[in-house]
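Student: Pasting a structure here, questions to come.
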Amino acid sequence: MSKVLGIIPARAGSKRVPGKNMRQLNGEPLISYALDAALNSKKLTAIAVSSDDESILSYARLYNSKILCIQRPESLSTDQSTALEYTQHALEFLEKHNSLNFDLVVIIQVTSPFTINDDIDSVIECLEASKADCAASVRRVPHDLHPIKFKRIEHGLLVPLVETENGRMAAHQLDPVYVRNGAVYASKIELIQKKQLLNENCAAFIMPDERSLDINTEMDLQFAQFLMQAL
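With this note's numbering applied, the sequence shown corresponds to residues 620 to 850, in that order.
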């Protein structure tokens with residue numbers, strides 16, 4: 620059975636949604652939804668929160684004693700810092716301080732509060748059942764945003780970006796296409812050792828639209844609040 624580390628990244632800085640990770644959503648801090656999903660997972664061996672914000676780490680410690688808290692250095696907490704960097708730091712920290720090693724790493728994003736434990740486990744299962752190096756949660760692209768409908772404007776005229784659309788094509792005439800929804804990523808440790816988190820050999824788990832909201836703006840947060848109350 621694979622040893623799987625779930626990392627919940629939660630740095631302090633967020634310019635578009637200040638204090639995003641601890642903002643209230645339906646009466647609870649945003650990070651609590653990621654913590655609940657991870658804690659209810661049947662596939663995660665360990666759960667870690669990586670943050671440069673002591674208030675976030677303190678909240679995680681009090682939330683559940685199983686959660687491993689990693690103080691992320693400021694150098695890995697800027698707008699330019701990458702997911703690979705904080706993942707490598709987390710792995711090195713847990714090996715040094717907790718003598719823990721893992722086969723797979725899963726990143727669970729705080730900004731996807733509708734993610735449930737089954738989504739996390741399904742991404743892991745997709746990776747374990749395939750010959751892929753990594754896996755990601757995806758959602759189907761709506762008909763009106765299908766790439767064949769993308770255009771550029773040249774000299775005031777619409778020009779196909781990818782390929783020419785045959786008239787006004789209906790949904791049933793278009794092959795389904797998918798986009799990563801930013802909720803869950805999984806990588807084999809061998810890929811991380813090659814300094815990559817994702818590559819083209821990537822398995823996919825399709826999440827439904829109602830669980831694929833990614834909070835990047837204040838409007839996203841307001842819409843998430845509406846959905847929480849409506850569902």
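Every residue, glycine too, gets a C-beta built ideally from N, C-alpha and C.
(1) Pull the bridge partners of Glu773 from the DSSP assignment, please.
(2) For Asp737 versus Lys622, is the C-beta spacing smaller than 7 Å?
(3) Could you pull the start and end residues of the beta strand (DSSP E) that Ser670 belongs to?
(4) Does the separation of the CB atoms of Ile739 and Ala667 fall below 7 Å?
(5) For the segment 637–650 against the segment 741–749, are there 3 or more C-beta pairs whose distance is under 8 Å?
(6) Shortest alpha-carbon distance to Ala635 belongs to which of Ala843, Thr730, Leu663 and Asn835?
(7) Rounded to the nearest angstrom, what separates Ala849 and Leu817 at their Cα positions?
(8) Label Leu777 either buried or exposed according to how many other C-beta atoms from any shown protein chain fall within 10 Å of its C-beta, with 16 as the threshold for buried.
(9) Along the chain, where does the beta strand (DSSP E) that runs through Ile811 open and close?
(10) According to DSSP, what are the bridge partners of Ile650?
(11) Do Ile626 and Ala751 have their CB atoms nearer than 7 Å?
(12) Mark Asn820 as exposed unless 16 or more other C-beta atoms lie within 10 angstroms of its C-beta, in which case mark it buried.
(13) Could you tell me the boundaries of the alpha helix (DSSP H) in which Phe824 lies?
(14) For the segment 825–833 against the segment 752–772, are there 3 or more C-beta pairs whose distance is under 8 Å?
(15) Mind checking Asn800: buried by the 16 CB within 10 Å criterion, or exposed?
(16) Comparing the C-beta of Val725 with each C-beta of chain D, is any distance below 7 Å?
(17) So, with DSSP's three-state summary, where would you put Pro628?
(18) Quickly, what does DSSP pair Leu644 with across the bridge? List them, please.
(19) What residues match up with Val757 in a beta bridge as DSSP calls it?
(20) How long is the line joining the alpha carbons of Ser660 and Thr701, rounded to whole angstroms?
(21) Taking the alpha-carbon positions, what's the Phe845 to Met838 distance?
(22) From Leu810, Pro795, Thr706 and Ile686, pick the residue whose C-alpha is nearest to that of Asp763; which is it?
Tutor: Once the coordinates are examined:
(1) Leu776
(2) no
(3) Ala665 to Ser670
(4) no
(5) no
(6) Residue 635 is actually Arg in this sequence, not Ala. Closest option to Arg635, Cα to Cα, is Asn835.
(7) 35 Å
(8) exposed
(9) Not the beta strand (DSSP E): Ile811 falls in the alpha helix (DSSP H), residues Ile808 to Gln812.
(10) BP columns for Ile650 are empty, so no partner.
(11) no
(12) exposed
(13) Unbroken run through Phe824 is the beta strand (DSSP E), Cys821 to Ile825; no alpha helix (DSSP H).
(14) yes
(15) buried
(16) The chain inventory of the structure shown lacks chain D, comprising one protein chain alone.
(17) strand
(18) Glu647
(19) Arg799 and Ile825
(20) 25 Å
(21) 11 Å
(22) Pro795
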